[in-house]
Amino acid sequence: MKPRIIHQIFFEVGDKKLEDYPLFVENRDKWKVWCERNNYEYMFHTLEDLEPIMKQEDKDLFKRVDDENRFKFIKIDYGRLVILSHYGGVYVDMDVAPKLDKELDDLLMKYEPLVVINTTEKTKWKPQLNNWLLGCKKGGFEDFQKYCREQYEIKSKMPIYDKWKIRFFLQVCSIPTIRRFYDNKKDFIRMTEEIQDYTINGNQLSWINNKDEFK
Numbered sequence: 003m004k005p006r007i008i009h010q011i012f013f014e015v016g017d018k019k020l021e022d023y024p025l026f027v028e029n030r031d032k033w034k035v036w037c038e039r040n041n042y043e044y045m046f047h048t049l050e051d052l053e054p055i056m057k058q059e060d061k062d063l064f065k066r067v068d069d070e071n072r073f074k075f076i077k078i079d080y081g082r083l084v085i086l087s088h089y090g091g092v093y094v095d096m097d098v099a100p101k102l103d104k105e106l107d108d109l110l111m112k113y114e115p116l117v118v119i120n121t122t123e124k125t126k127w128k129p130q131l132n133n134w135l136l137g138c139k140k141g142g143f144e145d146f147q148k149y150c151r152e153q154y155e156i157k158s159k160m161p162i163y164d165k166w167k168i169r170f171f172l173q174v175c176s177i178p179t180i181r182r183f184y185d186n187k188k189d190f191i192r193m194t195e196e197i198q199d200y201t202i203n204g205n206q207l208s209w210i211n212n213k214d215e216f217k
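Quick look at the structure:
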């Protein structure tokens, strides 16, 4: 069973701090209230918080992201896997808020590990639909972490990704990567609009400036 922990992470990229994103601050506070009401622990993580819990292969990946000037959000998407594998629990994006009058247990405890993505058949797997939840018991995403590292190695050797930096990120550890890894593991993933009954996505792709790069 997943530990009753809600995780959120924020890594400073460039000169942007958490306070520069009022929506993130507001949603963090809402999750704290929700956790108090529903007997969950709330954990907020920075890059510095990851250092003590990262394995050497995780540190090596982060170093490559810096050395090879890759898209820095790889660290965030991979970092949440590090957090979930170490602590267990449920990860929620900073631009996602809870509906304070809704409990999540029936949704969160149903699958192990858990991947819930807001989608419809019409918009299936589009990266713009980043309202999603990840959850697992301790160690639950270690196989997927290994797969992400393997994808990084494979795609870093493809010259096209020297130019397509955001697509590299998406193909290494984001929604398309999850789709490939879990396509034959239907019990682990839910593609559903049901998540909208429990959460509010305040701003799609709020963490990226040039949204045209995702078109």
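For the sequence shown, the positions run 3 to 217 when our numbering is used.
Built from N, CA and C at the ideal position, the CB exists for glycine as well.
Same chain, Cβ closer than 7 Å to residue i, neighbours up to 5 away in sequence not counted
{"i": "Phe12", "result": "Leu20, Phe26, Thr48 and Met96"}
{"i": "Glu59", "result": "Arg151"}
{"i": "Gln153", "result": "Gln173, Val174 and Thr179"}
Buried versus exposed, by CB contacts within 10 Å (16 or more), residue i
{"i": "Val35", "result": "exposed"}
{"i": "Pro161", "result": "exposed"}
{"i": "Arg39", "result": "exposed"}
{"i": "Lys4", "result": "buried"}
{"i": "Leu52", "result": "buried"}
{"i": "Pro100", "result": "buried"}
{"i": "Arg182", "result": "exposed"}
{"i": "Leu83", "result": "buried"}
{"i": "Gln198", "result": "exposed"}
Residues bridged to residue i [DSSP beta-bridge criterion]
{"i": "Val98", "result": "Asn203"}
{"i": "Tyr44", "result": "Ile8"}
Close Cβ partners of residue i (< 6 Å) along its chain, the five nearest in sequence each way excluded
{"i": "Leu116", "result": "Gly137"}
{"i": "Phe46", "result": "Gln10"}
Own chain, CB closer than 8 Å to residue i, minus 5 neighbours either side, in chain order
{"i": "Phe171", "result": "Arg72, Phe73, Phe75, Ile76 and Asp79"}
{"i": "Glu123", "result": "Any reading at Glu123 must be qualified, since the residue scores a pLDDT of 46, below 50, and its modelled position is unreliable; the value itself is stated next. Excluding positions up to five away in sequence, the list is empty."}
Residue i at chain D interface by Cβ criterion, 7 Å
{"i": "His88", "result": "This model lacks chain D altogether, as it is built from one protein chain only."}
Span separating the alpha-carbon of residue i from that of residue j
{"i": "Val98", "j": "Glu155", "result": "31 Å"}
{"i": "Ser87", "j": "Tyr93", "result": "11 Å"}
{"i": "Gly16", "j": "Asp68", "result": "13 Å"}
{"i": "Ile177", "j": "Arg169", "result": "11 Å"}
{"i": "Asp103", "j": "Asp31", "result": "15 Å"}
Span of the alpha helix (DSSP H), counted from its first residue to its last, around residue i
{"i": "Gly16", "result": "It is not in any alpha helix (DSSP H) - Gly16 carries neither H nor E in the DSSP assignment."}
{"i": "Lys148", "result": "Glu144 to Lys157"}
{"i": "Lys165", "result": "Element bounds for Lys165: n/a, residue is neither H nor E."}
{"i": "Phe64", "result": "Gln58 to Asp69"}
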